[in-house]
Structures are given as structure tokens and as C-alpha cells.
Amino acid sequence: MSFTCKELVIQHKAKTLLHVSFSFARSFALIGESGSGKSLTLKALLGMLPHELKSTLSYNASYELKRGESIAFVPQNPFTALSPLTKIEKQFMAPLERAQKYLRMVNLDVDFLDRFPSELSGGQLQRLIIAMALSIEPRLLLLDEPTTALDEESKTTVLELIATLQKECGFDLLFVTHDIGTIEHLCDEVGIIKNGKIIESGLTQQILNDPKEAYTKQLLASGFRQRSFRE
Ligand SMILES: Nc1ncnc2c1ncn2[C@@H]1O[C@H](COP(=O)(O)OP(=O)(O)OP(=O)(O)O)[C@@H](O)[C@H]1O
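Per the UniProt record's numbering, the sequence shown starts with residue 1, numbered consecutively.
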């Protein structure tokens, strides 16, 4: 599969907040600092932009973008993504058998279906949310910094899991993050976004090894600083 965003423009009154185009074969990371336009891009693809923003989107894919059908979303913070007073089983949009199948795929016990979200750890919750997103069997999975709220161990588990699931299930992957260090083994292609524009894009290995833009070099330097700090 492949996905091409031919043009996405988002405006607030007279101001253009975002103007991008990008294309990828299987997995794409959109990397940029806070305020660069990562969340707006995802919201536009999901059809969830706030009403005060105007947007135009043209794309090319073998599927039509329909939230909850061809396209699913994993948000940043698993702690606020679910209703706290509703049992997990009721929060799946898929039938029970499929919920069970995807829980097993993310290495969670099917007994979790009978629990409330507050009974799970952060890492378990994020795996649950990934199972929920995948249970609609999307063609495109959008991830918004899915490991930000997690500890280091859960972070690694979740990233490895996403990579394995993509191989098994075959969905296209669009991953947004400010941390270039997290995408090396997950996304084949990457775009660097700054002030609502993609300033550099290409194969991940090529960008990591030979960045052209000064801004990309800076991001790389800070990403690796953070990583060596963590190690
Ligand atoms: N509803 C809105 N009205 C006006 N401006 C907005 C609105 N939503 C976002 N913006 C602006 O659009 C720009 C991009 O925002 P966006 O949320 O996409 O950033 P981001 O890259 O996801 O940042 P972060 O990593 O902090 O989530 C920012 O300058 C933001 O202030």
C-alpha cells in the first residue's frame, strides 16, 4: 500500500498554519518541534479539525480516509483516552471476538475486557489503545507521540510492538513525534516539519546519515543527546 498527501492546507482566518505534501510507501514519520503542525496534520486526515480552522486536502491512496473504518488513531496520552467509568469491553468499537484477537496480539490478557481503564498501568493502557485502534482493521494507522506519557521500558515495548504489528497486519503507518531517535527502526521514510512546512524528507537512513538542512542537523543532535542521556 502507499499514501500520498498531494496537498494539505490549513488556515485560521487569514493565516496559513500549515501547507504540506508528502508521500510514503509503508511508514512515515513526521518530525518537528512543538507547534510545527504535527497534530494539525493528523487531525485534518482524521476529519477532526476544530470548526474555526479551514482546510483543503487532496490525497491519493487505495482507500478513502474514513475515521473508524479505514483510518484509526492512537493518541499521546493513554490516561485520558478512555472513559474511566466504562468497562473496557464496552469501549471497543469491534465485536468481542475481534477485541479478543487484538488484545492477544498486544500481549494483554483477554480478562482485561472485564476491567476498568484505571486498573491498568500506563504501558498496558497504551497497548490496549493500540489493540482498540487495530480492531477496526484500518488501512492507515496514525500515531501521535504514543510513548510520551510512558516510562522508558514501556516506551521500548510499545515501539517494538507497533513495528511487529505493522509487519503482521500490513497497515500504513503515519507517526508524529518531536523525537527523531524513536523512529529509526519503525519508519522507512521521514519528513521534517517546521512552521507548518516540510523542509526535508526522504528515506530515514538517508536523513539520519546525511541531513541536508541545518534544522534537521539540530534535531538529530538533540535527539541523540537525549538518547545518550537516557542510556
Ligand atoms: N484551533 C487553532 N486556532 C488557531 N491556531 C491553532 C489552532 N490549533 C493549532 N493552532 C496553531 O497551529 C500551529 C501548529 O499546531 P499543532 O498543534 O499542529 O502543533 P504540534 O506540532 O502538534 O505541537 P505539539 O508537539 O506541541 O503537539 C501552532 O502554531 C498552533 O498554535
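All C-beta atoms in this analysis are idealised placements derived from N, C-alpha and C, irrespective of residue type, glycine included.
Query                                                                                                                                                         : Result
Give me the DSSP bridge partner(s) of phenylalanine 28.                                                                                                       : Leu174, Glu189
Determine, using beta carbons only, whether serine 135 and arginine 98 come nearer to each other than 8 Å.                                                    : yes
Taking isoleucine 193 as the reference, give the member of Leu128, Ile162, Leu40, Gln11 with the closest Cα.                                                  : Leu40
Between histidine 178 and ligand 1, is the CB less than 7 Å from at least one heavy atom?                                                                     : yes
I'd like the list of long-range same chain contacts for lysine 197, defined as Cβ closer than 7 Å, with 5 residues on each side in sequence excluded.         : His19, Val20
State the start and end residues of the unbroken beta strand (DSSP E) segment that holds serine 201.                                                          : 197 to 203
Whose CB is closer than 5 Å to a heavy atom of ligand 1? List the residues in chain order.                                                                    : His12, Leu17, Ser34, Gly35, Ser36, Gly37, Lys38, Ser39, Leu40, Pro50
Please confirm whether valine 190 and alanine 29 have their CB atoms less than 8 Å apart.                                                                     : yes
For leucine 65, tell me which candidate among Pro75, Leu85, Ala44, Pro78 has the shortest Cα-Cα distance.                                                     : Ala44
Please name the residue in Ser23, Ser222, Lys15, His12 whose C-alpha comes closest to that of threonine 4.                                                    : Ser23
Once DSSP output is grouped into helix, strand and coil, what is the label at phenylalanine 112?                                                              : helix
What's the gap between the Cα of lysine 101 and the Cα of proline 95?                                                                                         : 10 Å
Taking just the CA atoms, how far does asparagine 77 sit from serine 58?                                                                                      : 29 Å
In whole angstroms, what separates the C-alpha of threonine 164 from that of alanine 133?                                                                     : 15 Å
Taking 8 Å as the threshold (C-beta atoms), are lysine 38 and valine 158 in contact?                                                                          : no
Measuring only the C-alpha atoms, how far is glutamate 69 from arginine 127?                                                                                  : 20 Å
Kindly identify the DSSP beta-bridge partner or partners of glutamate 7.                                                                                      : Ser58
Touch check for the region 209 to 216 and the region 72 to 89: three-plus C-beta pairs under 8 Å?                                                             : no
Who are the near neighbours of threonine 204 in its chain, counting only those whose CB is closer than 8 Å to its CB and skipping five residues on each side? : Ala29, Ile183, Glu184, Cys187, Asp188, Glu189, Val190
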